[in-house]
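Peer 1:
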Amino acid sequence: MPILNHYPLLQRVTACIFILVLTCLSGCARLPVVGTLPAGVVVTRLTRVDPMSPFAWNPAGTKIALVSGTLQIYDPASDSSRPLGPAPSTLDWAFDGEHLAAAFPQGEDTTLRILNMDGEVLSEAGSSGHVTKLVWRSADELLIAAITAEKFSFGANIKGILYRWSGIGKPAATILSETTVRPFIAKWPVKSLDHTLTIALSPLGDEIVFSRLIDPPAFSPSLKIVLRHLESGAEKEAAKVGVASAGAVYSADGERILYGDGITASHWRDPWGERELATFPSPGRAAIALSPANRYALIDGRLYRDGSEVVVFPATCEGAFAPGGGRLLIRYDGNLYLVSGLHEAPLDSALPVDRGRLLTLRKLRSEGLISASDYQAAKERMFPQ
Amino acid sequence: MKKRIIMLTLALGVALSGACQATAEECIPCHREKTPAAVRQWEGSAHARAKVGCEKCHGSDHDKIVKGEAKVDMKVCGPCHQKALRDHKASRHGMGLHSGWGCTRNLSNRNPAECRFCHEEGSTAPLSGVQCGRFLKQSSEMGEIGCNYCHSVESSCASCHTNHYTDLKIVRDPNSCAKCHMGPDHPQWEMWQTSLHGTLNATIGIAGGPTCQTCHMPQGSHNVTFGITMSSGGSPYPAKQAEPARREMLGICSQCHAPEFARKELARGDAVRSQSLVILKEAEKIIWDLSDHGLLDPMPDQRPDHPLSGKQLVTDNQLLYEDTSHIERLFFKMKKYDYARTIKGAYHQNPAYTHWYGNAELKMDLVDIKAEASRLRERGGAHGAAGAEKKYTDPAAALEDALRALKNKVERGAISAEEYAKEKAKLLDGLKAGGK
């Protein structure tokens, strides 16, 4: 129970027993909670889902794509589901909310599909390896992270690949990482190997932050958290973390990242200013969920508000905040729950005219043509608060 | 008793010296058939007269000699010719003209036999500190005949003296210098030959006109750098080094000429050198500017690595004439041939080499380089016209290009950190004012 690591032993044991008792009493249909939910915050069980299956809010925050035997579109308002087709391993909504991109494992490889709301396949392509993440970059482009493992007697060659796919023709591949690992890593379960490649797209769509597996012969394997500008290919290493880390996510303004070190804590970091901004006592072994304005963070089952822990859910649960804020989906033990009543001021969005110049500045910074302080000064001049 | 010991020692000495002589005699009958020229040359040499036999230089390991592993280099000659070796080592001939360093062991088509160009057998230490990118681009065969036949002068007396002759007539003849000091890069022999010095020498003899050796190896010195005021690449030495050297050369000239006349002649050479260097630097600046903007075609990162500097642009003495862009190839000719001919022509008092083969070519090179630079700028880089169009109609791309050029400049020390910060801020202000 890494979630409870920072509690004294007696409290840890008590909390575990409490969670166990609650789980037994609820007949697996209630989300165990340690702590008191803030006033107005309500947890509701929505529906059953497959364990470890993907789920995602649509952009309007009105429907949920989930997997319960098959891929389904669930409407929480009416508590009704519409089946869409076979179960994918990962999925993402298009910006228009009318299409879904999904990845379907086919042995060692994966089939990518774009579906409409009737479950019709509008486009299809193959990609090598297991797809670990799939995200729409724009209305016309999908980013797909995939991992391949070629095994040898002396270990394995593990490749992290970024595919860019417009939905037409073959996806274009870029190698993000290529690591020769020792035999004991080559024998890891597929899920554990897949866990070593995570990506997140910056809110401005210009960068990704991904994890790169390294396996130096005389040391323990680890991951590097790397930022990569998608147009220039310029990269910047932001941190080194344990292999249990579930990677990083971007802040709402795309200037900071939050990542788990996989060992003791999660960290808010300004990767360009190379400054640690805050830490949370959760190692970030499960994918981190951040609320739209970043007031809330769900890390390893712990819900934080303004940097302080609010309530503890089981460490293995995964979450997704609704795009409009205020609500959090949690998948735990074959059920999907809705945590509502999470108050958060809406985020100011940048004007489109500013966006182009901001993207230019960010690109220049990523290529090392301007320093972090040049960037900050220019940004302040361009966008006075 | 004492007498007996002396007699015994003398007898032993005679016996041993007889044994040594016998060694040379042992080789001769066979080698008179196998290598008749070598035997003939040795028999007429000062070495034979001094009873310096085969074994003294070649050793007694016949297998090693047959394999070509018993080279007679400076270490063999040095113990007997100490002053010559000392002078030679202090001179440019002895200071690392060997074209080795920069190991070829990782080159895919490298011939292991070429190790000996740079290393003593069994040693990983290079023989000299000199690096040569051009040498490292060549095949073993080309490296041997095209490079080291001249550059082996660093460690081989035979490079000038030949293998078995010892007649000083050979090395006192300018032809022995011409083997290397001719051709497009530094035609000192042709310059001398067609100068007044050469003409007088050819017609009247040594009393009328000096040879190479008269001025550069005075009184039989092996220090050929005597009186030289610039590097082999034509970069003037700092005053501290140049002034004493100039005094040395004036001393030589003054043996025939009025000192003031000699001073003026050499000062005129200095002026030509300075003027030519300005022209050369202008061309070099154009190339670096193109590189800063990524406009060379191909850029260093788009062509095979330079053997010594990898993907870095090179315009110093290590510049190549192959695997390079056209404009760099023009610069190679400008620097290695035309700049060298202009300044060396001036110092050797040869009007045609100074002007037509030198100065005129140098200036036409600059015209060519400027024209090629314009073409590259219009074209907008190695990625072709489509890329260029995109590059210059997109203000963000133009800004990026300008910042990249600026960064390249500060990284290679062409501008200061302060200038860089100022220019960068100016460019970023442009983005605020109206860029994308």
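First to last, the protein sequences are chains A and B.
Each step along the first sequence adds one to the number in numbering that gives the first Met the number 0, with nothing skipped, and position 31 is 30.
Each step along the second sequence adds one to the number in numbering that gives the first Met the number 0, with nothing skipped, and position 298 is 297.
Think of the CB as a built atom: it goes at the ideal place given N, C-alpha and C, for glycine as much as any other residue.
Here the structure is a predicted model, which is why all the values come from computation and not from measurement.
Can you check the region 314-394 of chain B for any beta strand (DSSP E) of at least 3 residues that lies completely inside it and give the ranges in chain order?
Peer 2: none
Peer 1: If contact means a Cβ-Cβ distance below 9 Å, which residues of the region 291-304 of chain B contact chain A?
Peer 2: none
Peer 1: Using 8 Å for Cβ pairs, my map puts Leu212/A next to Ser176/A. What's the rounded Cβ distance?
Peer 2: Taking the first sequence and counting its residues from 1, the one referred to as residue 212/A is at position 213. Taking the first sequence and counting its residues from 1, the one referred to as residue 176/A is at position 177. The Cβ separation is near 6 Å, so the contact holds.
Peer 1: Mind checking who His196/B pairs with in its DSSP beta bridge?
Peer 2: In the second sequence, residue 196/B corresponds to position 197, counting from 1. DSSP output for His196/B lists no bridge partner at all.
Peer 1: Measuring only between beta-carbons, confirm whether Ala395/B sits less than 7 Å from chain A.
Peer 2: Counted from its first residue, the second sequence places residue 395/B at position 396. Output row for Ala395/B: interface = yes.
Peer 1: So what's His160/B in DSSP terms, helix, strand or just coil?
Peer 2: Here residue 160/B refers to the residue found at position 161 when the second sequence is read from its first residue. DSSP places His160/B in helix when its eight states are reduced to three.
Peer 1: Which word fits Leu24/A, buried or exposed, when buried means at least 16 other C-beta atoms lie within 10 angstroms of its C-beta?
Peer 2: As a working mapping, residue 24/A is identified with position 25 in the first sequence. Any reading at Leu24/A must be qualified, since the residue scores a pLDDT of 44, below 50, and its modelled position is unreliable; the value itself is stated next. Label assigned to Leu24/A: exposed.
Peer 1: Measure from the alpha carbon of Thr359/A to the alpha carbon of each residue in Ser138/B, Asp393/B and Phe134/B, then state which is nearest.
Peer 2: For the purposes of this step, residue 359/A is identified with residue 360 of the first sequence, where counting begins at 1. Closest option to Thr359/A, Cα to Cα, is Asp393/B.
Peer 1: Using a Cβ-Cβ cut-off of 8 Å (strictly less than) and excluding sequence neighbours within five positions of Ala381/B, which residues of its own chain qualify?
Peer 2: In the second sequence, counting from the first residue as 1, residue 381/B sits at position 382. Unreliable positioning characterises Ala381/B in this predicted model, as indicated by a pLDDT of 48, which lies under 50. The coordinate reading is nonetheless provided below. Excluding positions up to five away in sequence, the list reads Gly293, Leu294, Leu295, Asp296, Pro297, Met298 and Gln301.
Peer 1: Cβ closer than 7 Å: which chain B residues qualify as neighbours of Leu368/A?
Peer 2: In the first sequence, counting from the first residue as 1, residue 368/A sits at position 369. Within 7 Å Cβ-Cβ: Glu399, Leu402, Arg403 and Lys406.
Peer 1: With 7 Å set as the bound, which would you pick, yes or no: does the beta-carbon of Met385/A sit closer than that to a beta-carbon of chain B?
Peer 2: Only positions 0 to 384 of chain A appear in this structure, which leaves residue 385/A out of reach.
Peer 1: What are the boundary residues of the alpha helix (DSSP H) that Arg304/A is part of?
Peer 2: The residue labelled residue 304/A in the question sits at position 305 within the first sequence. Where Arg304/A is concerned, there is no enclosing alpha helix (DSSP H), although the beta strand (DSSP E) it sits in stretches over Arg301 to Arg304.
Peer 1: Tell me which same chain residues have a C-beta within less than 6 Å of the C-beta of His160/B, skipping the five on either side of it?
Peer 2: In the second sequence, counting from the first residue as 1, residue 160/B sits at position 161. Result list for His160/B: Val170, in chain order.
Peer 1: Please name the residue in Arg294/A, Pro291/A, Pro282/A and Asn293/A whose C-alpha comes closest to that of Gly300/A.
Peer 2: Position 301 of the first sequence, counted from the start, is the residue given in the question as residue 300/A. Out of Arg294/A, Pro291/A, Pro282/A and Asn293/A, Pro282/A has the C-alpha closest to the C-alpha of Gly300/A.
Peer 1: How would you call Tyr338/B, buried or exposed, if buried means at least 16 neighbouring beta carbons within 10 angstroms?
Peer 2: Walking along the second sequence from the start, residue 338/B turns up at place 339. So Tyr338/B counts as buried.
Peer 1: Looking at chain B, is there any beta carbon in it that lies within less than 7 Å of the beta carbon of Thr359/A?
Peer 2: Residue 359/A sits at position 360 when you count from the first residue of the first sequence. True, the Cβ-Cβ gap to chain B drops below 7 Å.
Peer 1: What are the residues in the region 411-433 of chain B lying within 7 Å of chain A by C-beta distance?
Peer 2: Lys423, Leu427, Leu430 and Lys431
Peer 1: Closer than 8 Å is the cut-off here; do at least three beta carbon pairs connect the region 319-333 of chain B with the region 347-357 of chain B?
Peer 2: Counting C-beta pairs with one atom in each stretch, the region 319-333 of chain B and the region 347-357 of chain B have fewer than three that are closer than 8 Å, which means they do not touch.
Peer 1: Just mark Gly324/A as buried or exposed, buried being the case when its beta carbon has 16 or more other beta carbons within 10 Å.
Peer 2: In the first sequence, the residue the question calls residue 324/A occupies position 325. Buried: at least 16 other Cβ atoms inside 10 Å.
Peer 1: Going by DSSP in three states, Met381/A sits in which element: helix, strand or coil?
Peer 2: In the first sequence, the residue the question calls residue 381/A occupies position 382. Met381/A: helix per DSSP, three-state reduction.
Peer 1: Quick one: is Asn482/B buried, meaning 16 or more other Cβ sit within 10 Å of its Cβ, or exposed?
Peer 2: Past the edges of chain B, shown from 0 to 435, lies residue 482/B, and the structure says nothing about it.
Peer 1: For chain C, find out if any of its Cβ atoms is closer than 7 Å to the Cβ of Ala377/A; answer yes or no.
Peer 2: Looking for chain C here will not work: the only protein chains present are A and B.
Peer 1: Note down the Cα distance separating Leu276/A from Ala238/A, rounded to an integer number of angstroms.
Peer 2: Position 277 of the first sequence, counting from 1, holds the residue named residue 276/A. Position 239 of the first sequence, counting from 1, holds the residue named residue 238/A. Distance between the alpha carbons of Leu276/A and Ala238/A is about 13 Å.
Peer 1: Around the C-beta of Phe218/A, are 16 or more other C-beta atoms found within 10 angstroms, so that it is buried, or is it exposed?
Peer 2: Here residue 218/A refers to the residue found at position 219 when the first sequence is read from its first residue. It counts as exposed.
Peer 1: Unbroken beta strand (DSSP E) runs of length 3 or more, entirely within the region 237-284 of chain A: which are they?
Peer 2: 247-249, 256-259, 265-269 and 274-279
Peer 1: In its own chain, which residues sit with a C-beta less than 8 Å from the C-beta of Lys136/B, not counting the 5 before and 5 after it?
Peer 2: Working through the second sequence from its first residue, we reach residue 136/B at position 137. Beyond the five residues adjoining it in sequence on each side, Lys136/B comes within less than 8 Å, by CB distance, of Pro306, Leu319, Glu321 and Asp322 in the same chain, given in chain order.
Peer 1: If you compare alpha carbons, which of Asp78/A, Ala286/A and Glu308/A is closest to Phe320/A?
Peer 2: Here residue 320/A is taken as the residue at index 321 of the first sequence, counted from 1. Looking at the Cα atoms, Ala286/A is the closest of the given residues.
Peer 1: Looking at Trp164/A: is its Cβ nearer than 7 Å to the Cβ of Leu133/A?
Peer 2: Start at 1 with the first residue of the first sequence, and residue 164/A comes out as number 165. Start at 1 with the first residue of the first sequence, and residue 133/A comes out as number 134. The answer is no: Cβ separation not under 7 Å.
Peer 1: Would you tell me roughly how many angstroms separate the C-alpha atoms of Tyr303/A and Ala247/A, rounded to the nearest one?
Peer 2: Here the question's residue 303/A lines up with position 304 in the first sequence. Here the question's residue 247/A lines up with position 248 in the first sequence. If I take the Cα positions, the gap works out to 16 Å.
Peer 1: CB-CB under 7 Å to Pro258/B, same chain, minus the five flanking residues each way: which ones, in chain order?
Peer 2: As a position in the second sequence, residue 258/B is number 259, starting the count at 1. Cβ neighbours of Pro258/B beyond the five flanking positions: Leu249.
Peer 1: So which of Ile167/A, Ala185/A, Asn115/A and Glu123/A has the shortest CA-CA distance to Thr147/A?
Peer 2: Position 148 of the first sequence holds residue 147/A. The candidate whose alpha carbon is nearest that of Thr147/A is Ala185/A.
Peer 1: Inspect the beta-carbon positions of Gly333/A and Pro58/A and report whether they are closer than 7 Å.
Peer 2: For the purposes of this step, residue 333/A is identified with residue 334 of the first sequence, where counting begins at 1. For the purposes of this step, residue 58/A is identified with residue 59 of the first sequence, where counting begins at 1. For Gly333/A and Pro58/A, no; Cβs fall outside 7 Å.
Peer 1: Using DSSP's beta-bridge definition, name the partner residues of Gln105/A.
Peer 2: Position 106 of the first sequence, counted from the start, is the residue given in the question as residue 105/A. Its beta-bridge partners are Asp108/A.
Peer 1: In angstroms, rounded to a whole number, what distance separates the CA positions of Lys334/B and His46/B?
Peer 2: Along the second sequence, read from residue 1 onward, the residue named residue 334/B stands at position 335. Along the second sequence, read from residue 1 onward, the residue named residue 46/B stands at position 47. Answer to the nearest angstrom: the Cα atoms are 44 Å apart.
Peer 1: Kindly say whether Ser372/A, judged by its beta-carbon, lies nearer than 7 Å to any beta-carbon of chain B.
Peer 2: Position 373 of the first sequence, counting from 1, holds the residue named residue 372/A. For Ser372/A, the answer is no, since every Cβ of chain B falls outside 7 Å of its Cβ.
Peer 1: Taking DSSP as the reference, what is the three-state secondary structure of Asp95/A?
Peer 2: Taking the first sequence and counting its residues from 1, the one referred to as residue 95/A is at position 96. Coil, per DSSP.
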